[in-house]
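First the structure, in the form of structure tokens, and then the observations on it.
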Amino acid sequence: MGKDDAKKAAKAKRQEKAALKAGAVAKKKGDDAVDEVAQEISKAAGVLDSVVNLASSKAAADATLAAARNTTGVLSSNPLSKDLKITSFSLAFHGRRLIEDTLLELSFGNRYGLIGANGSGKSTFLTSLASRELPIPDHIDIFHLDEEAEPSDRTALEAVVDVVQAKVEALEALAEHMTETAGPDADIVHDIYDRIDRMSPQTFEVRATEILMGLGFSREFMAKKTKDLSGGWRMRVALSRALLSQPSMLLLDEPTNHLDMESCVWLEEELAKYPGILVLVSHSQDFLNGVCTNMIHLTPKQKFVYYSGNYDSFCKTKQENEVNQMRRYEKEQADIKHLKEFISSCGTYSNLVKQAQSKQKIIDKMMDAGLTEKVDTERHIKFHFPDCGPLPPPVLAVDDVSFSYSGKKEDYLYSHLELSVDLDSRIAIIGPNGAGKSTLLKLMFGDLTPTEGEVKKHSHLRIAKYHQHSTDQLDMDLTPLEYMNKMFAEKKLELEAWRSKVGRFGVSGDMQGAPIRGMSDGQKSRLVFAYLAETAPHILFLDEPTNHLDMESIDSLAEAINEFKGGLVLVSHDFRLIGKVAKEVWLCEDKKVDVWKGDILEYKKRLVKDVQRKLKAGLTTPQ
1 MGKDDAKKAA KAKRQEKAAL KAGAVAKKKG DDAVDEVAQE ISKAAGVLDS VVNLASSKAA
61 ADATLAAARN TTGVLSSNPL SKDLKITSFS LAFHGRRLIE DTLLELSFGN RYGLIGANGS
121 GKSTFLTSLA SRELPIPDHI DIFHLDEEAE PSDRTALEAV VDVVQAKVEA LEALAEHMTE
181 TAGPDADIVH DIYDRIDRMS PQTFEVRATE ILMGLGFSRE FMAKKTKDLS GGWRMRVALS
241 RALLSQPSML LLDEPTNHLD MESCVWLEEE LAKYPGILVL VSHSQDFLNG VCTNMIHLTP
301 KQKFVYYSGN YDSFCKTKQE NEVNQMRRYE KEQADIKHLK EFISSCGTYS NLVKQAQSKQ
361 KIIDKMMDAG LTEKVDTERH IKFHFPDCGP LPPPVLAVDD VSFSYSGKKE DYLYSHLELS
421 VDLDSRIAII GPNGAGKSTL LKLMFGDLTP TEGEVKKHSH LRIAKYHQHS TDQLDMDLTP
481 LEYMNKMFAE KKLELEAWRS KVGRFGVSGD MQGAPIRGMS DGQKSRLVFA YLAETAPHIL
541 FLDEPTNHLD MESIDSLAEA INEFKGGLVL VSHDFRLIGK VAKEVWLCED KKVDVWKGDI
601 LEYKKRLVKD VQRKLKAGLT TPQ
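Sequential numbering from 1 applies to the sequence shown in the UniProt record's numbering.
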């Protein structure tokens, strides 16, 4: 018997058993049972949600935040549907309205990219959705990736398999319950059994291993206890749970943060096949293009606007719509102005009064029909790095450098490197996880000392370095203006001068006078860039600069880099940013640094093949 035949036989056996158990109950069910069935589903919600809602360890803090959220909406979709439609949806947080009287519509099988300005409420919306603060039918189970897997004595592999096995048991219990209430032939019962079959309980460990490997785990590493893993790796465990369990609705907020390029490429391929509802927030336009079938734009007017297609398609359609809208607006305003001028010119001349009244009726009719609104453009952030002045080459030279953290030759991460960076350099460093990309930056910057060889720098060289923990160095008790004034006290500038400087980087309005600790991660990152710009560097060293930046900030950063008169060395998993700013790509691999001959998209294609090959080899290697 083949695999498909075995699955069908197992499914038929389960349904036959459930049908016998349902008995007379099923016969009494008819087309008028939808409301009653929906109520029965609600009773079963605790069975499923106790397993699916994995981010419940922060219960007290979550309750406090939930109390600060005010969510309203009306369920308009069928209570038994796999789709979700909420009308009159509004969301406020701490009294601030984020979403106002809009339509929330999510169709099963669609993969949505959620986009909007930094601070517009995207993450708060996902949390509200995951917390079921809206009338969501309980058979729609939700996984919100908002915290890492708990540290425990279970291995990474066990931590994934255990949770998903428990979920299958919960689904089986729910299927039995729904069979008793809705009957064995109800669509909802078939859907639940289909999900159990798709999850393939017989091959949990194989599939969990494949997912963990795709996210960068080796077999040895996935055998480690989760309590011995860093937060970033435990987040990958949590993501693996979501991908293996395949909830009806998967909510991901910046899932590529802290992933290397290989893992990003694998995750993009994996999510592009996701069978349920996916709502994704990501700063990576390239990632959104590869994953999403639809886009949801949270507009400045606090409404959801829906677009078919990926991010590039959204940008094109949105721009076309705005051009057409602006044309209609300008024509209407010109027509009204012309009509009003005619009315004014009529004065009290009796022979023109009727014409004036006729023109006024035209204006009134236009007003009653509703005038086209002026295009509401979102605030533009303009990064800028000042002119650093010239320096004669060589500005920075890596001269026969070898390095190991142990200091031992047999542990060399790099051997006999010969590299140089000048003011016209635009270099992106790429390579697999653990290849030493950040280590190379630290060697060139001076955070690490070569085991052999030397890093030579021009005596007047100024380097500004951004890394993933740069925001931790901010003084959280100061306001952004006070912080800049403290760090550059020798400049003796008034606070008003600092207001303009940080405002250019999107640190504006009330946040300028509030403590830094209250700022979002993205706002803190932009403040760090404002600080780095003030140092007037000759070279920028940027290590994963996009992790907390929104799309507008990333585009502004790219523009500022391209206008910058100094050099750049960039480590990033953002293919689009690399493509926009890099003139040269260094590939860190096999203890060497070589120049990649193709463009960054060719490297991405190579990565796809490499990941597939490694997965195949890893899964066939005996344990």
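No residue lacks a Cβ here, since even glycine has one placed at the ideal position from N, Cα and C. Being a predicted model, the structure only gives us computed values, none of them experimental.
query                                                                                                                             : result
7 Å CB neighbourhood of Leu-419 in its chain, flanking five on each side removed                                                  : Val-398 and Val-593
Host alpha helix (DSSP H) of Glu-454 (start-end)                                                                                  : Premise fails: Glu-454 lies in the beta strand (DSSP E), 452 to 457, not in any alpha helix (DSSP H).
Extent of the continuous beta strand (DSSP E) to which Gly-113 belongs                                                            : 111 to 116
Per-residue DSSP class, three states only, for Ile-136                                                                            : coil
Three-state secondary structure assigned by DSSP to Phe-304                                                                       : strand
With 16 other Cβ atoms within 10 Å as the buried cut-off, status of Glu-262                                                       : buried
Presumed contact (8 Å Cβ cut-off) between Val-585 and Ala-428, rounded CB distance                                                : 5 Å
Cβ pair residue 683, Lys-465 closer than 7 Å                                                                                      : Look at the range of the chain in this structure, 1 to 623, and you will see that residue 683 is not part of it.
Distance between Leu-243 and Ala-223 (C-alpha atoms, nearest Å)                                                                   : 19 Å
Rounded separation between Arg-241 and Thr-256 - CA only                                                                          : 16 Å
Bridge partner(s) assigned by DSSP for Cys-588                                                                                    : Val-593
Exposed unless 16 or more other CB atoms sit within 10 angstroms - verdict on Tyr-274                                             : buried
Through-space distance from Gly-579 to Ile-600, alpha-carbon basis                                                                : 6 Å
For Val-581, the first and last residue of its enclosing alpha helix (DSSP H)                                                     : 575 to 581
Gly-453 versus Ser-402, Leu-474, Ser-425 and Asp-477, residue with shortest Cα-Cα distance                                        : Ser-402
Euclidean distance between Cα positions of Lys-546 and Gln-523                                                                    : It is Thr, not Lys, that sits at residue 546 in the sequence shown. Going by the C-alpha atoms only, they are around 12 Å apart.
As assigned by DSSP and simplified to three states, the class of Ala-55                                                           : The predicted position of Ala-55 is uncertain, since its pLDDT is 43 and thus under 50; a value taken from the coordinates is nonetheless stated next. Three-state result, Ala-55: coil.
Same chain, Cβ closer than 7 Å to Leu-413, five either side skipped, listed in chain order                                        : Phe-403, Ser-404, Gly-436, Thr-439 and Lys-591
Coarse secondary structure for His-258, derived from DSSP in three states                                                         : coil
Under the three-state DSSP convention, the category Val-163 falls into                                                            : helix
Inter-residue Cα distance where the pair is Asp-472 and Arg-426                                                                   : 27 Å
Boundaries of the beta strand (DSSP E) in which Arg-69 is found, first to last residue                                            : 69 to 75
Beta-carbon proximity of Ile-539 to Ile-430, cut-off 7 Å                                                                          : no
Exposed unless 16 or more other CB atoms sit within 10 angstroms - verdict on Arg-198                                             : exposed
Opening and closing residue of the beta strand (DSSP E) in which Ala-92 lies                                                      : 84 to 93
Helix, strand or coil at Glu-150 according to DSSP, with G and I counted as helix                                                 : coil
Where Glu-534 falls, given that 16 or more other Cβ within 10 Å makes a residue buried                                            : buried
Segments assigned alpha helix (DSSP H), at least 4 residues, entirely inside the stretch 169 to 240                               : 187 to 199, 204 to 214 and 219 to 222
Whether Gly-503 touches Leu-298 by CB criterion (7 Å)                                                                             : no
Val-74 burial status per 10 Å Cβ neighbour count (16 or more: buried)                                                             : exposed
Residues bridged to His-297 [DSSP beta-bridge criterion]                                                                          : Ile-115 and Val-305
Length of the line joining the Cα atoms of Arg-328 and Met-295                                                                    : 25 Å
Nearest-angstrom beta carbon gap, His-144 and Thr-127 [assumed within contact, 8 Å]                                               : 7 Å
One or two residues paired with Asp-253 in a DSSP bridge                                                                          : Val-281
Nearest candidate by alpha-carbon position, reference Leu-98, set Gly-119, Ala-208 and Ala-67                                     : Gly-119
Contacts around Lys-43, its chain only, beta-carbon distance under 8 Å, and the 5 residues preceding and following it disregarded : Per-residue confidence for Lys-43 stands at a pLDDT of 43, beneath the threshold of 50, marking its modelled position as unreliable; the derived number appears in the next sentence. Taken in chain order, the residues that qualify are His-177.
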